[in-house]
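Novice: Next up is a structure, given as structure tokens.
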Amino acid sequence: MPTYSAYGLTIAASFPLTGLSPAPPSVVPDVVVREGTVPASLAKPLRQGVLYQAQPGEFLLRLDNIAHFWICGGEMITVERSPQTMDADVQVFLLGSAFGALLHQRGVLPLHGSSVVTPEGGVTFVGHSGNGKSTLAGAFANRGYTVLSDDVCAVSMASGVPWASPGVPWMRLWADMQQHLDGEIERDRVREGQEKYMVPLGEQFARESLPLRAVVELTVSNTDELWVKPLADMSKSQVLLRHTYRARFVGGLGLESAHFAQVMRVAGQIEVYRLRRPLAPSRLDEMVELIESEVMSADTEHVSA
Numbered sequence: 049m050p051t052y053s054a055y056g057l058t059i060a061a062s063f064p065l066t067g068l069s070p071a072p073p074s075v076v077p078d079v080v081v082r083e084g085t086v087p088a089s090l091a092k093p094l095r096q097g098v099l100y101q102a103q104p105g106e107f108l109l110r111l112d113n114i115a116h117f118w119i120c121g122g123e124m125i126t127v128e129r130s131p132q133t134m135d136a137d138v139q140v141f142l143l144g145s146a147f148g149a150l151l152h153q154r155g156v157l158p159l160h161g162s163s164v165v166t167p168e169g170g171v172t173f174v175g176h177s178g179n180g181k182s183t184l185a186g187a188f189a190n191r192g193y194t195v196l197s198d199d200v201c202a203v204s205m206a207s208g209v210p211w212a213s214p215g216v217p218w219m220r221l222w223a224d225m226q227q228h229l230d231g232e233i234e235r236d237r238v239r240e241g242q243e244k245y246m247v248p249l250g251e252q253f254a255r256e257s258l259p260l261r262a263v264v265e266l267t268v269s270n271t272d273e274l275w276v277k278p279l280a281d282m283s284k285s286q287v288l289l290r291h292t293y294r295a296r297f298v299g300g301l302g303l304e305s306a307h308f309a310q311v312m313r314v315a316g317q318i319e320v321y322r323l324r325r326p327l328a329p330s331r332l333d334e335m336v337e338l339i340e341s342e343v344m345s346a347d348t349e350h351v352s353a
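Below, the structure written as structure tokens:
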């Protein structure tokens, strides 16, 4: 099976994963993705929603008319696709929610954010959908920064240091956001019927993990105010909990205590900031300059709750 790299993992897949970075074939895979039969339900789910069931070591994601995904032990994902489903649709949910569950199973902290590389380490922009995480990372890329991840930032602890791993080598941008970025953009739709596009990063995609330096929470106001402030320790952990990718999966996997402990360890080693911006994204250049001056060369002596 061909092998790929994403989220700090080597992935062997029985079908092509378009656009992912290839991994050396000699490397033993961390994760195997294969097509096969997926059970209709789990034996003893602790939690279940309309589309998923979860129990310790197993997660079932059922997307009728697209595919069903069975994630086991942080090592195996079985995919049973619906007839006529396009590969792109399967891949969106595989690399999104399915791998979100798998990262939780492996004890990795997945943050819902986009990350860029600085000389001192990674900086991750988190926030609710629509707050401009990808657009802001794209603006940094326009200024020559390398992008580490888009949408999901996988964070692992090693020797007491939080490390952020490369995600996927593209960004996903809504069509109306691309007008705020420079240059002609090669793009493909993320899914049919969506005005959201995959923008390849090429040489501006980071290939190696690096220490996570800071997290910036993006918030939106209906005023013209634009500011960024460092947060106190208790607020730091709250931001990481609030912006954990697919946090609702954690309880059903039986990982609430482990997840909270991981968040506290990461929060203790990084700086966390809150950025407030106007609703309109027209001040994107100002946001970049503000983050460069207040976060990337920051004195964090004065913090906010």
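Going by the numbering used here, the residue at position 122 of the sequence shown is 170; the numbering climbs one at a time, nothing skipped. Using N, Cα and C, we set each Cβ at its ideal position, and we do this for glycine too.
1. DSSP three-state call for residue 186: helix, strand or coil?
2. With a threshold of 8 Å on Cβ separation, who are the neighbours of residue 267 within its own chain once the five nearest residues in sequence on each side are excluded?
3. Note down the Cα distance separating residue 201 from residue 214, rounded to an integer number of angstroms.
4. Answer with buried or exposed for residue 255, where buried requires no fewer than 16 other C-beta atoms within 10 angstroms of its C-beta.
5. Roughly how many whole angstroms lie between the Cα atoms of residue 155 and residue 95?
6. Just list the residues that DSSP pairs residue 96 with in beta bridges.
7. With a cut-off of 8 Å, do at least 3 Cβ pairs link the segment 182-197 to the segment 160-172?
8. Going by DSSP in three states, residue 308 sits in which element: helix, strand or coil?
9. Run through the DSSP bridge pairs and tell me what residue 253 is partnered with.
10. With a Cβ-Cβ cutoff of 8 Å, do residue 314 and residue 210 count as a contact?
11. Residue 67 and residue 217 look like a contact to me (Cβ under 8 Å); what is the Cβ gap, rounded to whole Å?
12. Out of 296, 320, 269, 318, point me to the one whose CA is closest to residue 327's CA.
13. What is the DSSP secondary structure of residue 336, reduced to helix, strand or coil?
14. For the candidate residues 169, 219, 151, whose alpha-carbon lies nearest to that of residue 204?
15. In the DSSP assignment, find the unbroken alpha helix (DSSP H) run with residue 285 in it and report its ends.
16. Looking only at C-alpha atoms, which of 345, 86, 265, 191 sits nearest to residue 252?
17. Given a cut-off of 8 Å, decide if residue 71 and residue 52 are closer than it, judged by their beta-carbon atoms.
18. Give me whichever residues DSSP pairs with residue 277 in a beta bridge.
19. Where does residue 74 sit, in a helix, a strand or coil, going by DSSP?
20. My parser needs the alpha helix (DSSP H) runs of 4 or more residues fully inside the segment 134-166; what are they?
21. Taking residue 128 as the reference, give the member of 105, 90, 82 with the closest Cα.
22. So for residue 168, helix, strand or coil by DSSP?
23. Only counting the same chain, and skipping five residues up and downstream in sequence, which positions put a Cβ closer than 7 Å to that of residue 343?
24. Just curious, the beta strand (DSSP E) that residue 206 is in, first and last residue?
25. I'd like the list of long-range same chain contacts for residue 146, defined as Cβ closer than 7 Å, with 5 residues on each side in sequence excluded.
26. Starting from residue 261 and walking both ways along the beta strand (DSSP E), at which residues does that stretch end?
27. Which residue wins for smallest C-alpha separation from residue 80, given the options 89, 259, 50, 302?
28. Please report how far the alpha carbon of residue 65 lies from the alpha carbon of residue 139, in whole angstroms.
29. Beta-carbon within less than 8 Å of residue 87's beta-carbon, same chain only, minus the 5 sequence neighbours each way: which residues are those?
30. Which word fits residue 61, buried or exposed, when buried means at least 16 other C-beta atoms lie within 10 angstroms of its C-beta?
31. Nearest-angstrom Cα distance between residue 246 and residue 136?
32. If you compare alpha carbons, which of 292, 97, 258, 84 is closest to residue 300?
Specialist: On the basis of the supplied data:
1. Here residue 186 sits in helix by DSSP.
2. Only 175, 179, 322, 323, 324, 325 meet the Cβ criterion.
3. Straight-line Cα distance between these residues: approximately 8 Å.
4. Per the 10 Å Cβ criterion, exposed.
5. Cα to Cα, residue 155 sits roughly 19 Å from residue 95.
6. Per the DSSP secondary-structure output, residue 96 pairs in a beta bridge with 101.
7. As far as the Cβ criterion goes, the segment 182-197 touches the segment 160-172, which means the pair count is three or higher.
8. If DSSP states are grouped into helix, strand and coil, residue 308 belongs with the helices.
9. BP columns for residue 253 point to 195.
10. Contact flag set, yes.
11. That belief holds up - the Cβ atoms of residue 67 and residue 217 are roughly 6 Å apart, short of 8 Å.
12. Comparing Cα positions, the closest option is 269.
13. Here residue 336 sits in helix by DSSP.
14. Residue 204 has its Cα closest to that of 151, out of 169, 219, 151.
15. Per DSSP, residue 285 belongs to the alpha helix (DSSP H) from 281-290.
16. In terms of CA proximity to residue 252, 191 leads the group 345, 86, 265, 191.
17. For residue 52 and residue 71, yes; Cβs fall inside 8 Å.
18. Under DSSP, residue 277 shares a beta bridge with 322.
19. Three-state result, residue 74: coil.
20. If only complete runs of 4 or more residues are kept, the segment 134-166 shows the alpha helix (DSSP H) at 135-141, 147-153, in order along the chain.
21. Comparing C-alpha distances from residue 128 to each of 105, 90, 82 shows the shortest one belongs to 82.
22. Residue 168: coil per DSSP, three-state reduction.
23. For residue 343, where only same-chain residues beyond five positions count, the Cβ hits under 7 Å are 171, 262, 264, 276, 321.
24. Residue 206: member of the beta strand (DSSP E) spanning 200-206, first to last residue.
25. Here the set comprises 109, 117, 119, 125.
26. Residues 258-269.
27. For residue 80, the closest C-alpha among the options 89, 259, 50, 302 is that of 50.
28. Near 7 Å, if we compare the C-alpha coordinates of residue 139 and residue 65.
29. Cβ contact annotation for residue 87 (same chain, cutoff 8 Å, sequence separation greater than five): 108, 118, in chain order.
30. With 16 or more Cβ atoms within 10 Å of its Cβ, residue 61 is classed as buried.
31. When rounded, the distance between both Cα atoms is 11 Å.
32. Comparing Cα positions, the closest option is 97.
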